[in-house]
Amino acid sequence: MHTSISPSARACIAGAYEHPTRFAPDRSVAQLHAECAAGALADAGLSMSDVDGYFCAADAPGGIAALMVDHLGLDVRHVDGTESGGCSYVRHVGLAAQAIAAGKCNVALITLAGKPRSSGQATGTEFRALPPVQPAAAWEAPYDWSITGIFGNVARRHMHVHGTTSEQLAWVKASASMHAQHNPQAFLRKPISVQDVLDSPMVADPLHRMDCCVINDGGGALVLVSAAIARSLQRPVIEVAGSGYAVATNRGGHFAMLQTGTLASGARAFAEAGMVPADVQYASLYDAFTIMVIMQLEDLGFCASGQGGRYVAEGRIVAGQGRVPVNTDGGGLCNNHPQNRGGMTKVIEAVRQLRGEARPPVQVKDCSVALANAQGMAFGMGHSTATVILERTR
Amino acid sequence: MNSENLEQLEADPYVAANPELRGYWEAAERDILLVPRCNACGKFHWHPRCLCPLCGSADLTPVEASGRGKLHSFSIIRRSARPHVLAWVRLQEGPLMMTEVVDAATEALRIGMPLQVAFRRTPQGRKAPVFRSATR
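Those protein sequences? They're chains A and B, same order as listed.
First residue of the first sequence? That's 23 in this note's numbering, and the numbers climb one at a time after it.
First residue of the second sequence? That's 631 in this note's numbering, and the numbers climb one at a time after it.
Next comes the structure, spelled out in structure tokens:
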């Protein structure tokens with residue numbers, strides 16, 4: 023049984039910052055984290071000395087939250103280094119809201135940064151190094167899985183069961199590029215057509231190169247504060263109306279490949295917010311691969327199960343066309359995918375939309391409710407999902 | 631098992647990390663696929679571990695599987711150091727297994743096609759189940 027937190031007590035996102043770099047060979051990962059922290063605090067009108075809670079995931083240099091607390095010189099009373107893969111930062115929003123509601127902190131800083139581009143990572147195509155102690159590693163390592171190969175399996179199954187087509191997948195990339203052309207910081211700004219995607223080389227069929235996200239350096243940060251502090255700042259008040267987290271397990275091989283953890287994390291977030299999909303005016307959906315957006319649209323209830331392909335091919339995730347535009351910054355497919363982890367930029371663009379600070383051609387008019395959703399690890403095996411629903415109240 | 635096979639298993643870091651599962655790899659040396667069956671809920675699961683992920687029971691029996699399955703989904707990983715077919719197979723015993731389809735004409739791959747297990751030596755030393763077309 024979910025109990026809604028009374029609106030007056032909800033934690034709020036007061037600061038959000040997306041690092042402008044997409045290639046940073048001249049900076050350390052620690053410096054990128056620090057620059058993101060400073061950017062988000064400046065955006066909120068706060069400073070490092072105001073921070074009393076810090077959240078990060080495994081991308082923090084050294085992988086231990088306390089090392090970044092030391093690096094930043096923070097004086098905190100609450101620290102959380104919860105690692106959940108790419109959805110970590112969406113989950114951190116929920117965890118920070120809980121910590122603030124419990125009185126553990128009043129100003130929570132969340133940071134992400136990394137340099138996969140300048141370190142030459144072939145993120146999607148290299149075989150995952152699976153440490154022998156990882157529970158399923160002995161049974162997965164022989165098959166040299168790549169993340170693109172995993173999502174290739176998921177996409178092919180979706181095509182087989184629901185009749186989804188490569189053209190429909192390509193619509194997700196084309197839609198993202200329609201948004202990215204208005205974003206001066208986007209990694210790929212040139213408009214991409216459905217045909218361009220189909221003509222790009224096959225990486226792991228049925229996924230073409232342009233069905234995949236970009237690989238770039240960068241980072242981002244968020245600042246969450248108590249309701250009282252939010253009302254004292256000269257910023258729009260963006261409340262965390264609901265959050266949900268789920269782990270969808272492999273169930274010993276008895277899992278449905280086309281059902282993701284978002285079914286559960288989304289339902290939990292909607293229940294906590296007391297809302298339904300029809301209330302949402304903008305959605306950020308993690309888009310490492312085009313198929314992921316289609317499956318999230320289904321699992322979150324924006325369209326019926328199996329109808330995601332048709333939905334996107336009707337132009338319904340494009341700003342100015344669909345009721346709920348998706349990834350108006352250009353998403354991970356075109357704009358930014360720092361450290362191969364999509365959760366952070368998903369929340370940041372949702373905050374921009376709610377503040378009316380999105381790029382004018384993609385701004386949703388009078389946007390007051392937005393959703394951000396992300397996954398960690400890969401569908402088809404044990405994976406994490408996190409959902410947040412944000413509401414502007416001032 | 632001869633001593634040479636034993637040495638290969640001893641040297642495999644994945645075998646060393648999972649001492650409780652050694653019987654599965656010893657069977658694989660004889661090209662036998664063992665799949666754990668839970669004596670409490672009666673279901674097979676994959677991959678092996680110390681408990682049943684469906685009901686939590688530790689009362690498990692490794693059962694010699696039929697080796698038959700059907701292709702559930704697949705992707706031809708083309709842009710890689712080793713182009714190959716990454717797949718999930720629905721074992722006749724019930725569970726889905728991540729695996730690889732070998733010796734197949736990729737244009738002939740179809741979801742639902744019958745497959746038969748085979749074994750391939752891993753670079754680390756143990757043998758791993760892979761699948762090939764059952765109609766060959």
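Ideal Cβ positions, reconstructed from N, Cα and C, are used throughout, including at glycine.
Can you tell me the Cα-Cα spacing of residue 688 of chain B and residue 669 of chain B, whole angstroms? For the purposes of this step, residue 688 of chain B is identified with residue 58 of the second sequence, where counting begins at 1. For the purposes of this step, residue 669 of chain B is identified with residue 39 of the second sequence, where counting begins at 1. Rounded to whole angstroms, residue 688 of chain B to residue 669 of chain B spans 9 Å at the Cα level.
In whole angstroms, what is the alpha-carbon distance linking residue 746 of chain B and residue 184 of chain A? Residue 746 of chain B sits at position 116 when you count from the first residue of the second sequence. Residue 184 of chain A sits at position 162 when you count from the first residue of the first sequence. So the alpha carbons of these two residues sit roughly 27 Å apart.
So what does DSSP say about residue 299 of chain A, is it helix, strand or coil? As a first step, residue 299 of chain A must be located in the first sequence, where it is residue number 277. Residue 299 of chain A: helix per DSSP, three-state reduction.
Give a yes or no on contact between the stretch 144-156 of chain A and the stretch 127-136 of chain A, applying the rule of three or more CB pairs nearer than 8 Å. no
Determine the chain B residues that contact residue 276 of chain A at a beta-carbon separation under 8 Å, and present them in chain order. Within the first sequence, numbered from 1, the residue matching residue 276 of chain A stands at position 254. Within chain B, the residues near residue 276 of chain A are 673, 675, 684, 724, 725, 726.
Cutoff 8 Å: residue 703 of chain B Cβ touching any chain A Cβ: Start at 1 with the first residue of the second sequence, and residue 703 of chain B comes out as number 73. Closer than 8 Å to some Cβ of chain A, the Cβ of residue 703 of chain B qualifies, so yes.
Residues of chain A with CB under 9 Å from residue 717 of chain B, in chain order? If you number the second sequence from 1, residue 717 of chain B lands on position 87. Under the 9 Å cutoff, chain A gives 165, 175.
Which listed residue (A/161, A/142, A/358) has its alpha carbon closest to that of residue 663 of chain B: Within the second sequence, residue 663 of chain B is the residue found at index 33, counting from 1. For the residues A/161, A/142, A/358, the minimum Cα distance to residue 663 of chain B belongs to A/161.
Within-8 Å CB hit, residue 327 of chain A to chain B: Numbered from 1 along the first sequence, position 305 holds the residue referred to as residue 327 of chain A. Residue 327 of chain A does not count as touching chain B.
At 3 residues or longer, what runs of the beta strand (DSSP E) sit wholly inside the stretch 92-179 of chain A? 100-102, 129-136
Proximity below 8 Å, CB of residue 245 of chain A to CB of residue 107 of chain A: The residue you call residue 245 of chain A lines up with position 223 of the first sequence. The residue you call residue 107 of chain A lines up with position 85 of the first sequence. Against a cut-off of 8 Å, the Cβ pair of residue 107 of chain A and residue 245 of chain A comes out as no contact.
Apply the 10 Å Cβ neighbour rule to residue 247 of chain A and answer buried if 16 or more other Cβ atoms are within range, or exposed otherwise. Your numbering for residue 247 of chain A matches position 225 in the first sequence. With 16 or more Cβ atoms within 10 Å of its Cβ, residue 247 of chain A is classed as buried.
Can you tell which of A/362, A/217, A/407 has the C-alpha that lies nearest to the C-alpha of residue 141 of chain A? Within the first sequence, residue 141 of chain A is the residue found at index 119, counting from 1. It is A/362.
Report the neighbours of residue 107 of chain A on chain B: residues whose CB is nearer than 9 Å to its CB, in chain order. As a working note, residue 107 of chain A is residue 85 in the first sequence. Chain B residues near residue 107 of chain A: none, gap ~18 Å exceeds 9 Å.
According to DSSP, residues forming a beta bridge with residue 745 of chain B: Numbered from its first residue, the second sequence carries residue 745 of chain B at position 115. DSSP output for residue 745 of chain B lists B/699, B/763 as bridge partner(s).
Mark residue 221 of chain A as exposed unless 16 or more other C-beta atoms lie within 10 angstroms of its C-beta, in which case mark it buried. Within the first sequence, residue 221 of chain A is the residue found at index 199, counting from 1. Exposed, since its Cβ has fewer than 16 Cβ neighbours within 10 Å.
Determine the contact status of residue 701 of chain B and residue 743 of chain B, defining contact as a CB-CB distance below 8 Å. For the purposes of this step, residue 701 of chain B is identified with residue 71 of the second sequence, where counting begins at 1. For the purposes of this step, residue 743 of chain B is identified with residue 113 of the second sequence, where counting begins at 1. Contact flag set, yes.
Which residues, taken in chain order from the stretch 262-274 of chain A, show a beta carbon closer than 9 Å to some beta carbon of chain B? 271, 272, 273, 274
Considering only their Cβ atoms, is the gap separating residue 291 of chain A from residue 367 of chain A smaller than 8 Å? Looking up residue 367 of chain A in the first sequence gives position 345. Looking up residue 291 of chain A in the first sequence gives position 269. No, they are not a contact pair.
If I measure Cβ to Cβ from residue 208 of chain A and keep anything under 6 Å in the same chain, skipping five residues before and after, which residues do I get? Along the first sequence, read from residue 1 onward, the residue named residue 208 of chain A stands at position 186. Excluding residues within five positions, the ones whose Cβ falls inside 6 Å are 202, 352, 356, 357.
What residues from chain A crowd round residue 741 of chain B, counting only those whose CB sits closer than 8 Å? Reading the second sequence from its first residue, position 111 is the one you call residue 741 of chain B. Residues of chain A passing the Cβ test: 178, 179, 182.
If you check the beta carbons only, do residue 87 of chain A and residue 78 of chain A fall under 8 Å apart? For the purposes of this step, residue 87 of chain A is taken as residue 65 along the first sequence, with counting starting at 1. For the purposes of this step, residue 78 of chain A is taken as residue 56 along the first sequence, with counting starting at 1. Yes. Within cutoff.
Backbone secondary structure at residue 23 of chain A - three-state DSSP: One-based indexing of the first sequence puts residue 23 of chain A at position 1. Legend: pLDDT at residue 23 of chain A = 42, less than 50; position of this residue unreliable, no value from coordinates given.
What's the C-alpha gap between residue 249 of chain A and residue 128 of chain A? By one-based count along the first sequence, residue 249 of chain A stands at place 227. By one-based count along the first sequence, residue 128 of chain A stands at place 106. Roughly 9 Å separates the two Cα atoms.
Roughly how many whole angstroms lie between the Cα atoms of residue 651 of chain B and residue 679 of chain B? The residue you call residue 651 of chain B lines up with position 21 of the second sequence. The residue you call residue 679 of chain B lines up with position 49 of the second sequence. Rounded to whole angstroms, residue 651 of chain B to residue 679 of chain B spans 7 Å at the Cα level.
Tell me, please, whether the CB atom of residue 320 of chain A is closer than 8 Å to any CB atom in chain B? As a first step, residue 320 of chain A must be located in the first sequence, where it is residue number 298. Taking Cβ atoms only, chain B never reaches closer than 8 Å to residue 320 of chain A, which makes this a no.
What are the boundary residues of the alpha helix (DSSP H) that includes residue 199 of chain A? Position 177 of the first sequence, counting from 1, holds the residue named residue 199 of chain A. Taken as a continuous stretch (DSSP letters only), the alpha helix (DSSP H) holding residue 199 of chain A covers 188-202.
Members of the stretch 633-655 of chain B that neighbour chain A once the beta carbon cut-off is set at 8 Å: 643, 644, 645, 646, 647, 648, 651
If we count the other Cβ atoms within 10 Å of its Cβ and call it buried at 16 or more, is residue 633 of chain B buried or exposed? Locating residue 633 of chain B in the second sequence gives position 3, counting from the first residue. The residue is exposed, with fewer than 16 neighbouring Cβ atoms inside 10 Å.
Where does residue 413 of chain A sit, in a helix, a strand or coil, going by DSSP? The residue given as residue 413 of chain A occupies position 391 in the first sequence. Looking at residue 413 of chain A - three-state DSSP - the assignment turns out to be strand.
CB-CB length for residue 392 of chain A against residue 375 of chain A, believed under 8 Å: The residue labelled residue 392 of chain A in the question sits at position 370 within the first sequence. The residue labelled residue 375 of chain A in the question sits at position 353 within the first sequence. Yes, they are in contact, since the Cβ atoms of residue 392 of chain A and residue 375 of chain A sit about 5 Å apart, within 8 Å.
Kindly say whether residue 694 of chain B, judged by its beta-carbon, lies nearer than 8 Å to any beta-carbon of chain A. Your numbering for residue 694 of chain B matches position 64 in the second sequence. Output row for residue 694 of chain B: interface = no.
With three or more beta-carbon pairs closer than 8 Å as the criterion, would you say the stretch 53-69 of chain A touches the stretch 234-241 of chain A? yes
Buried versus exposed call for residue 691 of chain B [16 or more other C-beta atoms within 10 Å across all chains shown]: For the purposes of this step, residue 691 of chain B is taken as the residue at position 61 of the second sequence. Exposed is the call here.
Can you check DSSP and say which residues form a bridge with residue 234 of chain A? Along the first sequence, one-based indexing puts residue 234 of chain A at 212. DSSP, once it has assigned bridges, lists A/311 as partnering residue 234 of chain A.
Closer than 8 Å to chain A by CB, residue 710 of chain B: Locating residue 710 of chain B in the second sequence gives position 80, counting from the first residue. With 8 Å as the cut-off, residue 710 of chain B counts as an interface residue toward chain A.
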